[in-house]
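Q:
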Amino acid sequence: MIFSDPTTSSRPSAPTGPATVQLLQGIIDTAREAVFVVDDAMRIKASNRAACTVFSRGNASLEQRRLSEVIRDVHLHTAFRASIDKQETADLKLELGAMEKRTFDIHIAPFESQGQRHAIGFFYDVTQVERLEKVRQEFLSNISHELRTPLTSIMAFVETLEDGAIDDGENNRRFLSVIRRNAERMHVLIADILELSLIESGNVSIDKSHVRVAHLVSEIFDSLSAKALQREIILSHDIDPEGRVCADLGRLEQMLTNLIDNAIKFNRTSGSVEVTLKQTNGRSVISVADTGEGIMSEHLGRIFERFYRLDRGRTREVGGTGLGLAIVKHLSRLHGGEVSVESELGRGTVFHIELPAN
Ligand code: ATP
Ligand code: MG
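Going left to right, the sequence shown walks through residues 1 to 358 as our numbering numbers them.
Written as structure tokens, this is what we have:
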């Protein structure tokens, strides 16, 4: 029980009566934050339901247990002790939990009840907020990094031209083309970031129709044929010309273009890329398989994250920023579907886009 018996309370002005106690108990039990009271002997005198869920394995009662037995953290122990002894409030942030670590903002305040000193702690779970903040920081640092590389190159070549290379008939055009290539790279990057944030914010409408997959895949093959030819990669599909999926034509094209582009970029020379369509139980699955090096299992869960690339150096050579798969993931979900990947080292990788039938 959380609140002490009102008939023995030393505070005559406090609300009394079993109904009031029940009401207060109910209120504090509805709080999402874990709350508990520790007495002078460092034992838990009272707690709410959230505290029990978060800190008690097997949901056993926390009352009368030692604080150090329930939460083994020396900083927390010290803060409660200080609050009780010195009658001061304390705020701290701690990672707690034996199995799954969670981050808590903790506010501890002293109070007296029945002539005894106590401290009450409020545990605000900020794990999710912290995680989002980390994602935001990583995102900003990734963007800055990705923009800085081409920008540094542009500035260096502009300086070289200013320092006289502009009159160097043999090299000036080459320098200009490097500047153009890097500027284009920045342009693509910014367009992808804007695109991704638009999709993520849900401000993209999906206009579904019955798309003929064979036709679309052939068109994408045509647009990527020069790139495939350069590395002697064979692009093929055996999709029934009448096979259709329910999707936004432009968005499906965008998703498949990235998957097929990746399958070419990360393939071996003279490898192949094959696209298939399977339709069962009201779901359509379009798969893009390649004969590349494959992806190690520890990366598989992360490649759909923004900016995630296996081998930054090599990927930069082939011109990727690591946003393509994040866009594919969000677009698949907007369609009510999902994207997944399977890979075998040394043999190749298959990406599947699964879409509902309608
Ligand atoms: P972008 O698509 O933004 O131009 P990218 O192609 O590098 O850049 P993603 O499409 O998001 O980025 O892919 C993320 C990373 O996953 C790639 O950098 C690559 O390391 C890995 N990857 C993607 N597809 C394959 C594949 N078919 N085989 C092996 N690795 C792959
Ligand atoms: Mg890509």
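Yeah, the Cβ is synthetic: ideal placement off N, Cα and C, and Gly gets one too.
Remember, it's a predicted structure, so these values are computed and weren't measured experimentally.
Can you give me the Cβ contacts of H75 inside the same chain, cut-off strictly under 8 Å, excluding the 5 residues immediately before and after it?
A: Looking up residue 75 in the sequence shown gives position 75. Within the same chain, H75 has close Cβ partners L92, L94.
Q: Just to confirm the assignment, what range does the beta strand (DSSP E) spanning I84 have?
A: As a first step, residue 84 must be located in the sequence shown, where it is residue number 84. I84 -> not in any beta strand (DSSP E); alpha helix (DSSP H) instead, spanning 74-86.
Q: Could you tell me which of F351, E342, G320, V70 sits nearest to S332, measuring between CA atoms?
A: As a position in the sequence shown, residue 332 is number 332, starting the count at 1. S332 has its Cα closest to that of F351, out of F351, E342, G320, V70.
Q: Is D261 near the ligand MG, going by C-beta to nearest heavy atom under 7 Å?
A: Within the sequence shown, numbered from 1, the residue matching residue 261 stands at position 261. For the ligand MG, at least one heavy atom lies less than 7 Å from the Cβ of D261.
Q: Report the residue from A289, G292, R309 whose alpha carbon sits nearest the alpha carbon of E298.
A: As a position in the sequence shown, residue 298 is number 298, starting the count at 1. Selected option, being the one with the closest Cα: R309.
Q: Give the range of the alpha helix (DSSP H) segment to which K101 is assigned.
A: On the sequence shown, residue 101 is found 101 positions in, with the first residue counted as 1. Run containing K101: none; DSSP gives neither H nor E here.
Q: Given that a residue counts as buried once 16 or more other Cβ atoms are within 10 Å of its Cβ, and exposed if not, what is V213?
A: Against the sequence shown, residue 213 aligns to sequence position 213. Answer is buried; the Cβ neighbour count reaches 16.
Q: H237 and V217: beta carbons closer than 8 Å?
A: Here residue 237 is taken as the residue at index 237 of the sequence shown, counted from 1. Here residue 217 is taken as the residue at index 217 of the sequence shown, counted from 1. Result yes, Cβ atoms of H237 and V217 sit closer than 8 Å.
Q: Give me the Cα-Cα distance between Q157 and S177, rounded to the nearest whole angstrom.
A: Within the sequence shown, numbered from 1, the residue matching residue 157 stands at position 157. Within the sequence shown, numbered from 1, the residue matching residue 177 stands at position 177. Per the sequence shown, residue 157 should be read as Phe rather than Gln. Whole-angstrom Cα-Cα distance: 10 Å.
Q: Just to confirm the assignment, what range does the alpha helix (DSSP H) spanning P356 have?
A: As a working mapping, residue 356 is identified with position 356 in the sequence shown. Where P356 is concerned, there is no enclosing alpha helix (DSSP H), although the beta strand (DSSP E) it sits in stretches over 348-356.
Q: For a test of the three-state rule: what should DSSP assign to Q254, helix, strand or coil?
A: Taking the first residue of the sequence shown as 1, we reach residue 254 at position 254. The answer is helix: DSSP assigns Q254 an H, G or I state.
Q: List the residues that DSSP assigns as beta-bridge partners of H299.
A: For the purposes of this step, residue 299 is identified with residue 299 of the sequence shown, where counting begins at 1. None; H299 has no bridge partner.
Q: To test your reading of the DSSP string, which unbroken beta strand (DSSP E) runs of 3 or more residues are found completely within the segment 169-245?
A: Within the segment 169-245, the complete beta strand (DSSP E) runs of at least 3 residues are 208-212, 234-237.
Q: Does the ligand ATP have a heavy atom nearer than 7 Å to the CB of G320?
A: Residue mapping note: residue 320 aligns to position 320 of the sequence shown, counting from 1. Yes, the Cβ of G320 comes within 7 Å of a heavy atom of the ligand ATP.
Q: Is the beta carbon of K265 within less than 7 Å of some heavy atom of the ligand ATP?
A: Counting from one through the sequence shown, the residue named residue 265 turns up at place 265. Because some heavy atom of the ligand ATP lies under 7 Å away, the Cβ of K265 counts as near it: yes.
Q: Can you check which of these residues, D222, M186, A109, is closest to S83 by C-alpha distance?
A: Mapped onto the sequence shown, residue 83 falls at position 83. The shortest C-alpha separation from S83 is found at A109.
Q: Could you spell out where the beta strand (DSSP E) holding D163 opens and where it closes?
A: Within the sequence shown, the letter at position 163 stands for residue 163. That residue, D163, is in no beta strand (DSSP E); it is neither H nor E in DSSP.
Q: May I ask you to report which of helix, strand or coil DSSP gives L259?
A: For this step, residue 259 is matched to residue 259 along the sequence shown. Correct three-state label for L259: helix.
Q: Using three-state DSSP, classify Q64 as helix, strand or coil.
A: Taking the first residue of the sequence shown as 1, we reach residue 64 at position 64. Q64: coil per DSSP, three-state reduction.
Q: Since R333 is in the alpha helix (DSSP H), which residue starts that stretch and which ends it?
A: Position 333 of the sequence shown, counted from the start, is the residue given in the question as residue 333. From DSSP, the alpha helix (DSSP H) with R333 extends over 324-334.
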